[in-house]
Each structure stands twice: as C-alpha cells, then as structure tokens.
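Working notes, beginning with the structure itself.
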DNA sequence: CGTCAATATCGACAGTCGTCGATGGCTGCG
DNA sequence: CGCAGCCATCGACGACTGTCGATATTGACG
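Residue numbers (our numbering), protein chains in the order written: chain E, 42 to 159; chain P, 42 to 159.
Here you go:
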C-alpha cells in the first residue's frame, strides 16, 4: 500500500454542496497516523536533510551528526518515516540509503487543504 | 541567521556535504507543534465537524455526540486546536462557538508541500 | 576465517498524551 | 434569589513516545 490517504472522493465535483460530509472515523485514523509520523521536530529535520542531501538520498551516518542524536534514535525515526510511507529505504552493501517518496508529502498537504475544508 | 553548517567532510565514502539548507531546528519545532495538534483522529474529526456544521461554526454540545467522547475531553481537544491557531473560540452567552481559522490549514499544507521539498 | 564498520533491534526509563469523573464558574430564566 | 444548563479546569490513571546504552546482524575486506 502506498499511503492510506486515498480519501473517499466521489466524482461529484460539479455542484459544491453547502454542507460537506465530515471525515469518516477510519479516514481520520489513517490521516492521524501519517500526521503523527510528521509531528516530531527531529523527523521533520530528517526529512528535510534527506531531501536536501546530494542525490536526494542519505544514509544514517549522514544524519546522526546534523540532528545531534544517537545512531539508534536516528534509525528509529527513519523507520517511523518509512512505515508511514514518507521515505524509502534502499540498502546497498553496508549502507542504507533513505529518500523521499515522490508525492507523499504533497498527498498529505492536499488532504489537509481539501478534505478538511467545509 | 546563517548557521555555520560545518560539513565535517570525512574521508568516508558515504558522507557528502549538503547542497541546500534544510529546515532550521526552531522552524521544525514550530511546525511539529502545529502538526502535533493535527495528529489525532478525534481532533481531525472535530475540525471536519466544525467545518461541515451549519454556518461553519459549532458549539461543544454539537460535537460531543458525533465523536462519542465526554464533554471534558471534547473541550480539551478544542482547546488544543485553538492554541495551535487552527480554531477560533467565540463565547456568546452560555454557548462557545468554534470555527475554522481561514487559511490556517492551507498554510500548514503549503509548508508541508514546499518547505520540506529540499 | 576474523575483524571492522554501518545499521537494526532490544530493554529500560522518563516524559507526554488522551481520557475520564468530579468540580467550579457563568449565564439565562423562573 | 435560586435553579438548571453549558462549558472549562482539575486530578488521576493507563498508554504511548522519544531517547539512550548494550547487543545482534549484516556486508566488505584482508
């Protein structure tokens, strides 16, 4: 599965309803799970560091120093981001290269900007 | 401020200097604080319920039943959302009316989609 | 095969979070 | 004035989270 952000949007976009249906509990749960992965300053910095790194990918040893945390902690945060579908993990030899999942952040942003609007 | 990102260039094959400035720790902290307010299924549902409610506003008594939680818990969640700048609180008589802050969600979405892109 | 380096996993600990019942402060109305 | 209803705050409790050090796993290289 890519992400659980595929909101149940029907193709009835011609007539904007006066009152939109609120988000369903399962959809809220799924969106909250993704947002929980993002709602940590260290993980936001890790995402940004990976994105800004040369080639758009970085390994753990590139990230421990900038965030100033231990290697197991950084590894843990990266796993959270991978499980949330925001990062990919590509192990080449001894090194594990992490990269942004294309469009993942945009999907979250789109849901926030459209699905919760009245 | 331009923090001196001394890029400790080692002789390691995996470490390379950053090519763009990542998000600053204070910015990450601020964004994480907002995302933390959003990263809860109940609060997402409350936001959606308020947005979908007649007139774009709702009081606590309108929300306790749909989310199925106690009144103090709903009140607590609404306070979190107000403190995060996502909801406004307007007390008229005995009732407290909550409404979406215009553009607040769009701002969060924009930061997610652009600031973390690298 | 033995060693070294990069990562992942484990166990533990302090801090935070979501939830509840009880309580108190307000406001409107008899 | 006194009662009733709406809401916020308080105190408590279980659950989850971020962090660490220690340890296990894996691949590269003599």
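Beta carbons are placed, not taken as given, at the ideal position from N, Cα and C, and that holds for glycine.
query = So, is residue 212 (chain P) buried or exposed, given that buried needs 16 or more other C-beta atoms within 10 angstroms?
reply = A query on residue 212 (chain P) cannot be resolved here, the shown segment of chain P reaching from 42 to 159 and no further.
ask   = Within 8 Å (strictly less), CB to CB, does residue 134 (chain P) reach chain E?
value = no
task = State whether the segment 79–86 of chain P contacts the segment 150–159 of chain P, with contact taken as three or more CB pairs (one from each stretch) at a distance under 8 Å.
result = no
query = What is the rounded straight-line gap between the Cα of residue 113 (chain E) and the Cα of residue 92 (chain E)?
reply = 21 Å
key: Distance between residue 94 (chain E) and residue 141 (chain E) (C-alpha atoms, nearest Å)   = 11 Å
task = At 7 Å on the CB atoms, spell out the chain E contacts of residue 149 (chain P), in chain order.
result = 153
request  = Taking C-beta pairs closer than 7 Å, name the residues in chain E that residue 89 (chain P) reaches, listed in chain order.
outcome  = 63, 64 and 157
inquiry  = Could you give the first and the last residue of the continuous beta strand (DSSP E) run that contains residue 70 (chain P)?
reply    = From DSSP, residue 70 (chain P) is part of no beta strand (DSSP E) but of the alpha helix (DSSP H) over 66–79.
query = At a CB-CB cut-off below 7 Å, which residues of chain E make contact with residue 77 (chain P)?
reply = 80
task = Taking 8 Å as the threshold, find out whether the segment 122–130 of chain E comes into contact with the segment 96–115 of chain P through three or more Cβ pairs.
result = no
task = Ignore the nearest five residues each way along the sequence and tell me which others in residue 97 (chain P)'s own chain have a CB closer than 6 Å to its CB.
result = 140
inquiry  = Assuming residue 86 (chain P) and residue 63 (chain E) are in contact, meaning their beta carbons sit under 8 Å apart, how far apart are those beta carbons, in whole angstroms?
reply    = 7 Å
ask   = Using the beta-carbon of each residue, which ones in chain E are nearer than 9 Å to residue 130 (chain P)?
value = Within 9 Å Cβ-Cβ: nothing; residue 130 (chain P) doesn't reach chain E, min ~17 Å.
inquiry  = Between residue 104 (chain P) and chain E, is the shortest Cβ-Cβ distance under 8 Å, so that the two count as touching?
reply    = no
message = Checking 8 Å against the spacing of the C-beta atoms, do residue 115 (chain P) and residue 104 (chain P) come in under that value?
response = yes
ask   = Interface residues of chain E around residue 97 (chain P) at Cβ under 7 Å?
value = 159
request  = Taking only the alpha-carbon atoms, compute the straight-line gap between residue 53 (chain E) and residue 68 (chain E) and give it to the nearest angstrom.
outcome  = Caution is warranted here: a pLDDT of 40 is assigned to residue 53 (chain E), below 50, making its placement in the model unreliable, and no coordinate value can be reported.
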